[in-house]
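The next block holds one structure in the form of structure tokens; read it before the comments.
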Amino acid sequence: MCHPSGPPPADVPFWRPDDVVKGLSGTNSPIYRPDVFAIIEKRIAELDEELRKLSLDIHDHPELKYEEHRTHDVLVNFLTDHGWDVTPHYLLETAWVGKFTHGTGGRTLGINSEMDALPGIGHACGHNLIAIAGVAVALGVRTVLEELDISGTVVLLGTPAEEGGYGKVKLLEKGGYDGMDACLMCHPAPGPALSASLSSTLAINQLTVEFHGHTAHAALAPWEGQNALDAVVSAYNNVSLLRQQLKPTYRVHAAISGRDWTPNVIPDYSKMQYLVRAPTTVEVKKTVPRVKACLDAAALATSCRAEYDYQGVPLDEVRQNKTLSDEFASVYSSKYGTIDYIYGISNASTDFGNVSYALPSIHPSFAIPTEERGTNHTHAFAKSAATPEAHNACLNTSKALAAVGVRVLTDDGFFDEVS
């Protein structure tokens with residue numbers, strides 16, 4: 001997920017790989033239905049080795065957006081082996097859904113498992129951990145429903161292409177979230193040991209521009225050309241000037257590409273992809289035209305033609321449902337560690353934001369050991385996502401999420417507050 005916009009501020013605490021962590025730092029204060037939580041902890045503990053093996057298998061075979069064919073099959077087979085009704089290739093080629101219903105009636109709990117990796121750096125956003133977290137939550141909740149004879153449905157949705165592919169947005173549009181009363185997932189991030197964060201994220205919109213010019217001999221007759229490389233460089237510099245007048249919480253960043261560039265030919269084509277982020281979708285929508293004006297000016301200055309593509313709908317910021325968040329914070333802080341509302345993935349973006357606009361949702365992040373300058377989307381973070389410490393942190397978070405999910409299904413008063 002994440003599309004991070006850079007490392008956190010210098011004062012963000014990190015859990016270093018060589019830190020000595022002794023036991024749990026939870027408060028051990030009372031939680032809702034201790035009998036339920038005991039079942040969840042026992043079941044996920046029983047699955048520990050299987051889930052660790054599954055996580056490492058996914059981690060060692062990274063696949064990019066909409067190419068998660070092997071990962072799709074591995075997760076489908078895992079759930080099928082555990083007795084789930086699984087539909088492969090659900091609505092999207094590499095999406096899948098597993099369903100379990102106990103009894104009659106009751107509410108429906110949705111859970112997400114992400115799967116995709118990043119070009120060149122593999123699972124540098126830890127989606128292998130997100131995948132097994134979804135599985136752990138789903139299996140933990142199922143066991144509670146069976147052992148305590150509670151009616152309800154659990155839907156575990158395998159969501160591809162979070163990294164720039166709008167996977168959840170497409171699933172949302174196709175009805176993949178229909179019928180869910182609430183949806184849960186989590187995400188690894190830097191942070192202090194034994195901590196989780198309930199921060200929001202940044203909304204984001206992607207804007208692509210192609211500059212079309214005219215070739216010419218760069219020495220013999222450069223005046224005959226319309227330089228698309230100059231256009232893209234000018235556009236980049238214009239946006240850099242714009243940043244002075246943007247709020248510190250905004251992010252605008254780009255990648256430049258071209259074709260057949262050589263020093264003695266005026267280039268007739270260039271391309272740049274911009275990501276525009278802000279704390280809310282409303283702010284993003286107000287900022288995109290200001291960025292476009294910078295690109296228009298570059299086209300005008302170089303006599304090039306600008307062709308725009310607004311790729312996909314904007315991704316909304318994550319709206320952490322307050323009642324669900326409060327319950328997660330209560331369980332997690334009671335059993336496993338500390339909660340904050342600042343760090344985690346607060347400066348990143350995710351397609352789960354759109355899900356959180358559509359139905360009650362939470363998306364906590366959990367800290368895993370990281371190296372200096374080893375935040376999400378780095379080789380170091382990919383390495384961190386395979387450590388035993390990261391696995392344990394993932395399962396602790398999964399237990400707390402499962403407890404929240406069971407309360408959604410069993411506590412009518414609680415659900416009234418959620419919805």
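To convert, note that position 109 of the sequence shown is 109 in the UniProt record's numbering; the numbers rise steadily by one, no gaps. C-beta atoms are modelled at their ideal positions from N, C-alpha and C, and glycine is treated no differently.
In the DSSP assignment, the beta strand (DSSP E) including residue i goes from what residue to what residue?
| i | result |
| --- | --- |
| residue 188 | 187-189 |
| residue 277 | 269-278 |
| residue 182 | 182-184 |
| residue 161 | Run containing residue 161: none; DSSP gives neither H nor E here. |
| residue 265 | Residue 265 -> no beta strand (DSSP E), and no H or E assigned at all. |
| residue 97 | 96-102 |
| residue 338 | 338-340 |
| residue 306 | 305-310 |
| residue 377 | Per DSSP, residue 377 belongs to no beta strand (DSSP E) and is neither H nor E. |
| residue 203 | 203-212 |
| residue 128 | Counting along the chain, residue 128 falls outside any beta strand (DSSP E), though it belongs to the alpha helix (DSSP H) covering 127-147. |
| residue 109 | 108-114 |
Out of the options, state which residue places its alpha-carbon closest to the alpha-carbon of residue i.
| i | options | result |
| --- | --- | --- |
| residue 394 | 133, 284, 203 and 325 | 133 |
| residue 366 | 341, 123, 251 and 147 | 341 |
| residue 91 | 68, 171, 349 and 49 | 171 |
| residue 69 | 414, 382 and 93 | 93 |
| residue 215 | 16, 181, 178 and 269 | 269 |
| residue 197 | 408, 242, 182 and 325 | 325 |
| residue 337 | 48, 378, 352 and 195 | 195 |
| residue 238 | 229, 297 and 288 | 297 |
| residue 369 | 359, 384, 49 and 378 | 384 |
| residue 323 | 301, 217 and 401 | 401 |
| residue 71 | 179, 321 and 129 | 129 |
| residue 169 | 382, 327, 397 and 314 | 314 |
| residue 62 | 131, 184 and 135 | 131 |
| residue 180 | 110, 375 and 228 | 110 |
| residue 178 | 399, 166, 156 and 162 | 156 |
| residue 251 | 283, 307, 40 and 105 | 283 |
In the DSSP assignment, find the unbroken alpha helix (DSSP H) run with residue i in it and report its ends.
| i | result |
| --- | --- |
| residue 76 | 69-81 |
| residue 413 | 412-418 |
| residue 237 | 228-242 |
| residue 171 | 167-173 |
| residue 287 | 281-302 |
| residue 36 | 34-46 |
| residue 328 | 322-335 |
| residue 353 | 352-358 |
Evaluate residue i with the Cβ neighbour count: other Cβ atoms within 10 Å of its Cβ, from every protein chain shown; 16 or more gives buried, anything less gives exposed.
| i | result |
| --- | --- |
| residue 256 | exposed |
| residue 18 | exposed |
| residue 412 | exposed |
| residue 244 | exposed |
| residue 15 | buried |
| residue 127 | buried |
| residue 407 | buried |
| residue 27 | exposed |
| residue 190 | buried |
| residue 230 | buried |
| residue 80 | exposed |
| residue 9 | Low confidence applies to residue 9: its pLDDT is 45, below 50, so where it sits in the model is not reliable enough to give any reading. |
| residue 416 | exposed |
| residue 373 | exposed |
| residue 77 | exposed |
| residue 327 | buried |
Compute the Euclidean distance between the alpha carbons of residue i and residue j, then round it to the nearest angstrom.
| i | j | result |
| --- | --- | --- |
| residue 101 | residue 152 | 6 Å |
| residue 267 | residue 261 | 6 Å |
| residue 7 | residue 363 | In this predicted model, residue 7 has a pLDDT of only 44, less than 50, meaning its place in the structure is not dependable enough to derive any value. |
| residue 174 | residue 354 | 13 Å |
| residue 204 | residue 246 | 15 Å |
| residue 42 | residue 233 | 58 Å |
| residue 279 | residue 249 | 7 Å |
| residue 258 | residue 220 | 22 Å |
| residue 236 | residue 139 | 49 Å |
| residue 343 | residue 292 | 31 Å |
| residue 357 | residue 45 | 33 Å |
| residue 421 | residue 164 | The first residue shown for the chain is 1 and the last is 419, placing residue 421 beyond what the model contains. |
| residue 35 | residue 316 | 37 Å |
| residue 20 | residue 193 | 9 Å |
| residue 146 | residue 350 | 33 Å |
| residue 304 | residue 288 | 21 Å |
| residue 240 | residue 405 | 45 Å |
| residue 388 | residue 187 | 16 Å |
| residue 319 | residue 200 | 6 Å |
| residue 330 | residue 58 | 31 Å |
| residue 97 | residue 123 | 22 Å |
| residue 419 | residue 182 | 8 Å |
| residue 285 | residue 82 | 45 Å |
| residue 160 | residue 66 | 6 Å |
For residue i, decide whether its Cβ has a neighbour in chain D, counting only Cβ atoms nearer than 9 Å.
| i | result |
| --- | --- |
| residue 359 | No chain D appears in this structure, which consists of one protein chain only. |
Task: Stretch pair the segment 35-54 + the segment 109-121: three plus CB contacts closer than 8 Å - done: no
Open item on the list: With three or more beta-carbon pairs closer than 8 Å as the criterion, would you say the segment 270-283 touches the segment 198-214?
Closed with: yes
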